[in-house]
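Report on one structure; see the data block that follows.
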Amino acid sequence: MVLVITSSIVEEQRAVMRFLFEKGKKVGKIHSEMVEVYGKDCIDCTNVGRWCKMFQDGRTSLADEVRSGRPVPSSTCLNVDEIGIVILENRCTALNEIKENVATFLMDLPGVLFMRT
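As structure tokens, then:
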């Protein structure tokens, strides 16, 4: 019986890929072995191949590289609670005022407000 891991982090799967790559396994075999363990949460075969190529080229880090560009929107529980406090202080607060009062960048403020209800 094969146990399927239902929650894994990306770095964990990359470590498995690197281990199997260093053992001389081919991309298809690496992916099929990982699917047995990670199931539907497994990284796709194309990305396994991409990472194996990077390992072959000498990459050792499993973490994502820092990228420039637009920041990723954040909506943590803390941010959502912070927005809730602003709204409770004045229920007529406009969305733009909330964005100014909350210290984080929130693209989907209406979505965060929906999460609070």
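Residues 1 to 117 (the UniProt record's numbering) make up the sequence shown, in order.
For every residue, glycine included, the Cβ atom is placed at its ideal position computed from N, Cα and C.
Small disclaimer: the values here were computed from a predicted structure and weren't measured.
Using CA coordinates, which residue listed in the options is at the minimum distance from residue i?
{"i": "R50", "options": "S68, G28, R67 and I9", "result": "G28"}
{"i": "R11", "options": "T60, G69 and S68", "result": "The residue asked about is misnamed: residue 11 is Glu in this sequence, not Arg. The option with the nearest alpha carbon to E11 is T60."}
Under 8 Å Cβ to Cβ from residue i, same chain only, skipping five residues before and after it: list those, please.
{"i": "C45", "result": "V27, G28 and H31"}
{"i": "C42", "result": "Q13, H31, M34 and V35"}
{"i": "V48", "result": "M17, V27, I30, H31 and M34"}
{"i": "R67", "result": "none"}
{"i": "M54", "result": "none"}
{"i": "E22", "result": "F55"}
Enumerate in chain order the residues of its own chain whose CB-to-CB distance from residue i is below 6 Å, with the five nearest sequence positions on each side excluded.
{"i": "E65", "result": "none"}
{"i": "K25", "result": "none"}
{"i": "G58", "result": "none"}
Do residue j and residue i count as a contact pair if the criterion is CB distance below 8 Å?
{"i": "Q56", "j": "M34", "result": "no"}
{"i": "R18", "j": "L62", "result": "yes"}
Here's the rule: buried if 16 or more other CB atoms are within 10 angstroms of the residue's CB, otherwise exposed. What is residue i?
{"i": "C52", "result": "buried"}
{"i": "L88", "result": "exposed"}
{"i": "I9", "result": "exposed"}
Please go through the same chain and pick out, in chain order, the residues whose beta-carbon is closer than 7 Å to the beta-carbon of residue i, but skip the five residues on each side of it.
{"i": "A15", "result": "L62"}
{"i": "L20", "result": "I30 and E33"}
Inside the stretch 32-77 only - alpha helix (DSSP H) runs reaching at least 4 residues: If only uninterrupted alpha helix (DSSP H) runs of at least 4 residues are considered, those enclosed by the stretch 32-77 are 45-56.
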